[in-house]
Amino acid sequence: MALSADEVLEEVGSFGWFQIRLLILFNLLSALLFGWAVMVTGIITAEPPWKCVQNSSVCSYEGSFYPGHEHYDHRCNISRSEWEFEDDITTVVTEFNLVCNKSIYGTLALASVFLGFFIGAIIIGPFTDKFGRKPTIFISGFVIAVFSLVSAFPKIFSLFVVFKIIVGLGVGGASVAIFVLVTEFVGVRHRSMMGMSLWYCWSISLMCLAGIGYLIRDWRMLTIATAIPGLPPLLGWFLTPESVRWLMLKGRAEDAKAIFRRMAKVNKTSVPIGELQEADDDNRLGDVCDLFSSRQMVKKTLLSWYCWFVNALVYYGVFLSAPNIGGNFYLNFFLTSLIELPAIPVGVWVFNRFGRKKSIIASLILASLGAFASILIESEGDGSKGALAGKIIMSMIVAKFFITISFDGVYLYTAELFPTAIRNIGVGTSTAAARIGSMCSPFIVYTNRVHSLLPFAIMGANALLAGVLCMTLPETKNQPTLETVKREDEEMSQLSPECV
1 MALSADEVLE
11 EVGSFGWFQI
21 RLLILFNLLS
31 ALLFGWAVMV
41 TGIITAEPPW
51 KCVQNSSVCS
61 YEGSFYPGHE
71 HYDHRCNISR
81 SEWEFEDDIT
91 TVVTEFNLVC
101 NKSIYGTLAL
111 ASVFLGFFIG
121 AIIIGPFTDK
131 FGRKPTIFIS
141 GFVIAVFSLV
151 SAFPKIFSLF
161 VVFKIIVGLG
171 VGGASVAIFV
181 LVTEFVGVRH
191 RSMMGMSLWY
201 CWSISLMCLA
211 GIGYLIRDWR
221 MLTIATAIPG
231 LPPLLGWFLT
241 PESVRWLMLK
251 GRAEDAKAIF
261 RRMAKVNKTS
271 VPIGELQEAD
281 DDNRLGDVCD
291 LFSSRQMVKK
301 TLLSWYCWFV
311 NALVYYGVFL
321 SAPNIGGNFY
331 LNFFLTSLIE
341 LPAIPVGVWV
351 FNRFGRKKSI
361 IASLILASLG
371 AFASILIESE
381 GDGSKGALAG
391 KIIMSMIVAK
401 FFITISFDGV
411 YLYTAELFPT
421 AIRNIGVGTS
431 TAAARIGSMC
441 SPFIVYTNRV
451 HSLLPFAIMG
461 ANALLAGVLC
471 MTLPETKNQP
481 TLETVKREDE
491 EMSQLSPECV
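For reference, each letter of the sequence shown is one residue, going 1 to 500 in full-length UniProt numbering.
Rendered as structure tokens:
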């Protein structure tokens with residue numbers, strides 16, 4: 001009898017040295033190339049607080065002013081020579097003077113990388129299913145490395161934005177493919193550990209980024225310093241095989257067998273590989289229309305999109321709030337990154353112990369409580385700026401802890417919800433929804449100019465709603481990987497007749 005990919009993986013080693021080597025390589029790609037390329041943008045587009053110059057006759061306020069402070073806009077009515085940025089650093093905002101009536105441009109610069117992220121997830125997701133995971137990862141990686149480096153040199157603001165859009169485009173496609181490829185090389189028992197472990201190096205890289213940003217205060221030098229380390233991992237092209245599941249769906253059983261034999265050799269198993277399940281008319285690769293092929297698929301698709309949107313909105317919203325909370329920006333960034341390290345193993349444990357569905361629901365609701373706590377703390381503040389900033393950052397760390405668990409899990413949960421034939425399209429479009437959340441997060445944080453509590457309220461309300469809606473989705477823990485799309489002709493004719 002022909003064997004499925006899951007059955008063969010259990011025989012040749014579901015998680016051995018073969019998978020460990022791939023995981024190390026993909027962690028380096030995820031951290032040094034994808035992670036820094038995106039997150040450094042949040043540092044180099046940050047707006048430092050401002051203060052009055054010494055002995056100014058028209059600006060006599062004491063202290064420094066962040067967005068949302070009652071005196072924040074006072075500088076817009078005085079000469080530029082009467083005020084200065086507090087810290088001796090340069091960012092895109094300070095170099096191009098993106099303040100007052102130009103302050104929205106700093107937010108647009110940050111949102112540009114997420115715009116590219118969105119475009120990449122839409123365009124490159126289907127490309128990955130048709131042409132393979134491996135070429136998508138490394139071609140996109142090359143684009144990311146090149147344009148991350150050249151984005152350090154523009155003298156024109158609009159050109160910087162264009163380069164960041166291209167960087168985001170590459171990350172949007174590659175980040176989906178790399179997660180799918182990692183999870184497709186392990187069996188059912190190890191999907192959770194393999195997929196979520198990618199976040200370890202991501203989190204550590206963000207902590208390192210906070211330290212590098214603290215040491216390198218010039219945004220151009222910081223961009224170069226974080227772009228160059230992403231080049232060596234691209235040599236992993238020569239060590240990375242194509243997805244065996246994708247090869248089987250393409251009818252390339254012999255190529256898949258060769259990789260299985262290589263896997264068995266590295267894992268030191270000697271199990272003979274029999275016939276593999278080959279693609280037939282029902283095992284075709286799907287398309288976007290298949291996401292709406294039945295009522296159940298419509299529900300899975302729409303709720304997956306919203307869940308990803310909310311996770312990205314809150315995750316990046318916490319990060320982007322770091323400069324506006326008060327205290328040291330780099331320390332705030334470091335602490336909100338550090339909390340991800342305990343969140344990852346806790347996430348692995350709860351997802352294996354309680355299942356994907358319950359864990360995501362609980363994490364989203366608890367993250368919403370962390371965001372709402374920031375509102376209560378600020379509204380009940382005792383007037384001490386330092387104490388208030390400390391309390392808010394602690395509540396946001398709580399929100400970051402639980403949203404990290406949820407965000408880690410939603411990658412795995414979505415990959416298990418969709419069949420192999422449309423998995424990359426399902427995850428890709430869900431990632432696109434997350435990129436919309438990412439694009440919205442800078443503007444959500446920007447609403448603190450309307451009211452300092454508004455960003456926390458928006459993030460908390462969305463996390464709570466997403467947790468409630470996820471209650472209607474199925475559990476996927478220890479369920480076999482679905483390989484094909486099973487169409488229900490009657491529902492399909494009602495929901496998406498143009499896709500028949």
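The beta-carbon is built from N, C-alpha and C at its ideal position, and this holds for glycine as well.
With 16 or more neighbouring CB atoms inside 10 Å of its own CB, CYS59 falls in the buried class.
Three or more beta-carbon pairs separated by less than 8 Å link the stretch 78 to 92 to the stretch 44 to 63, which places the two stretches in contact.
The stretch 226 to 236 makes contact with the stretch 22 to 33: 3 or more CB pairs, one atom from each, lie closer than 8 Å. According to DSSP, TRP50 shares a beta bridge with PHE65, PHE85. Distance check between TYR306 and each of TYR72, TRP50, SER438, CYS52 places SER438 closest, using alpha-carbon atoms only. Rounded to whole angstroms, ILE43 and GLY213 show a C-alpha spacing of 7 Å. If you check the CB distance, PHE402 and ALA434 do not come in under 8 Å. Judged by DSSP secondary structure, ASN424 falls within the alpha helix (DSSP H) whose first and last residues are 420 to 446. Beta-carbon to beta-carbon, LYS134 and GLU62 are separated by about 59 Å, too far to satisfy the 8 Å threshold. In this structure, TRP237 lies near PHE138, with their beta-carbon atoms less than 8 Å apart. As the crow flies, the alpha-carbon of LEU110 is around 24 Å from that of VAL410. Assignment of beta-bridge partners to ASP218 by DSSP yields THR90.
The beta carbon of PRO323 lies closer than 6 Å to those of ALA46, PHE329 in the same chain, with the five residues before and after it left out.
Taking a C-beta distance under 8 Å as the contact criterion, ALA371 and GLY460 qualify as a contact pair. Within the model, the alpha-carbon separation for ILE392 versus LEU465 is close to 22 Å. For MET297, the uninterrupted alpha helix (DSSP H) segment begins and ends at 295 to 325. Non-local C-beta neighbours of VAL143 in its own chain, meaning closer than 6 Å and more than five positions away in sequence, comprise GLY170, ordered along the chain. When Cβ pairs closer than 8 Å are counted between the two stretches, the stretch 422 to 434 is seen to touch the stretch 114 to 127, the count reaching three or more. Distance from the CA atom of GLY173 to the CA atom of GLU340, rounded to whole angstroms, is 24 Å. Here ARG189 carries a helix assignment [DSSP, helix/strand/coil]. In the displayed model, SER205 falls within a helix according to three-state DSSP. In this structure, VAL348 lies away from MET471, with their beta-carbon atoms at least 8 Å apart. For secondary structure counted as the alpha helix (DSSP H) over 4 or more consecutive residues, the stretch 238 to 275 holds these complete runs in sequence order: 244 to 249, 253 to 266. For TYR330, the enclosing alpha helix (DSSP H) stretches over residues 329 to 338.
A residue is called buried once 16 or more other Cβ atoms fall within 10 Å of its Cβ, and ASP129 is buried on that count. Counting only the Cα atoms, ILE216 lies some 36 Å from LEU376. The beta carbons of MET263 and GLY13 sit about 6 Å from each other, so the pair counts as a contact at 8 Å. Spatial neighbours of PRO49 in its own chain (CB-CB distance under 7 Å, excluding positions within 5 residues in sequence) are listed in chain order as SER64, PHE65, TYR66, GLU86. For the set GLY106, PRO229, LEU23, VAL180, the Cα lying nearest the Cα of SER148 is the one of PRO229. In this structure, the straight-line span from the alpha carbon of ALA37 to that of THR404 is close to 19 Å. Here VAL450 carries a coil assignment [DSSP, helix/strand/coil].
When C-alpha distances from THR94 are compared across LEU412, ALA210, ASP218, ILE165, the shortest belongs to ASP218. Selection CYS52, ASP6, GLU7, VAL182 evaluated against ILE20 yields VAL182 as nearest (Cα-Cα). Closest by C-alpha distance to PHE443, out of ARG252, THR107, LYS400, is THR107. Per DSSP, THR136 is one residue of the alpha helix (DSSP H) stretching across 133 to 150. In the structure shown, SER57 falls within a coil segment according to DSSP collapsed to helix, strand and coil.
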